[in-house]
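Residue numbers (the numbering used here): 5 to 395. The beta carbon of each residue, even a glycine, is placed where N, CA and C say it ideally should be. Since this is a predicted model, take the numbers as computed values, not measurements. Below: one structure, written as structure tokens.
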């Protein structure tokens, strides 16, 4: 707590200009979603900004760039947020003003950056985005869903920016470089298991059986649990480590700070996690979906009469296998690898359909934040800038 108090005091001593832009991340795994915008703001606009993290081990705290002021706040975060005095507050955390993290008593403009390509109305809580002033949308589905939610609930329209999705762009760029390096091919395919979190996800439902099956078939297996699974289900993670940890073809990846395993994998096994869309649209390779129960955090999602993107695209980017047919997984993997060229063509079309301004998200996001800050009046006084549609 003493460290947090010291960091809070250091923040308060900053000039109004140096603390005009604040980014907040729950842990180190969220920096990749901010990276592009932050680099543009600091390098091209020469902006100084603040970066708040609730992860005491976040590498950003060792940052040496004088234009990025870093702070660690965890237990003090609710107090900090209630009274923060800045112009623009950027975050990936949903449910602002719903629970313990409230909007500031000061006129702050809150910008939400999506951290998944999935739809906004099923896997997030009802009203999860209601209290943001602006949302940087990854694709047209986000605009459609949010506008429909606002219409049904008589909410004032917020600013929706057609921004794109930086993390996907980085995966795509890094995969192109990975392919050009032509790494030596292993004897067998690399299979990545990277599901969502929850009581019915792939690892909880049939993870041990699936890993055992794949290892017996000779595949190289990487298990990449969701950070919430690591935090909430330590016994499951311990069982996987105990049973398979010494197997030479098994890797348990507990950090999502990098996406190297997505680049390496020949096939991804997933449920309805957003990583399925990132993998498919970023590496242009197919996904094997295990048809475990879908995680629904908003029981009213059907009211929008819009099929969530993560459900609508499953058969377009891969194959769905029922858990009771787990024994067929090796056969399906072989089929997906053989059909990869056909899937690639379909995936490229989907990316063009569902992504805004592919390759330009950092530029668009940074320009939007810069324009908010550059207004002579506080951005909250006129509702912000850059509305993307006229609903």
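Query	Result
Looking at residue 322: is its Cβ nearer than 9 Å to the Cβ of residue 370?	no
Short of 6 Å in beta carbon distance, which residues of its chain neighbour residue 52, apart from the five on each side in sequence? Order them along the chain.	22, 71
Report yes if the C-beta of residue 183 is less than 8 Å from at least one heavy atom of the ligand NAD; otherwise report no.	Of the ligands one can find in the structure shown there are none, so the ligand NAD has no counterpart to examine.
By how many angstroms is the C-alpha of residue 74 removed from the C-alpha of residue 10?	12 Å
Decide yes or no for the touch test of the segment 305-314 against the segment 142-154: beta carbon pairs closer than 8 Å, at least 3 of them.	yes
Here's a check: name, in chain order, each residue in its chain whose Cβ is nearer than 7 Å to the Cβ of residue 247, leaving out the five neighbours to either side.	212
Let me check one thing: in DSSP terms, what residues is residue 163 bridge-paired to?	138
At what residue ranges does the segment 140-212 contain a whole run of the alpha helix (DSSP H), taking only runs of 4 or more?	144-156, 170-185
Can you list, in chain order, the residues of its chain whose CB lies under 8 Å from that of residue 242, leaving out five sequence neighbours each side?	none
Please report how far the alpha carbon of residue 90 lies from the alpha carbon of residue 38, in whole angstroms.	18 Å
If you run the structure through DSSP and keep just helix, strand and coil, what is residue 319?	helix
Determine the DSSP secondary structure at residue 16, reduced to helix, strand or coil.	helix
Under 9 Å, do residue 92 and residue 24 count as touching if we go by C-beta distance?	yes
In terms of residues, what are the limits of the alpha helix (DSSP H) holding residue 284?	278-287
Rounding to the nearest angstrom, what Cα-Cα distance links residue 30 and residue 290 in this structure?	31 Å
From the DSSP output, read off the bridge partner residues of residue 75.	56
In angstroms with no decimal places, state the Cα-to-Cα distance between residue 320 and residue 302.	25 Å
Run the CB neighbour count on residue 5, radius 10 Å, all protein chains shown included, and call it buried at 16 or more, exposed below.	exposed
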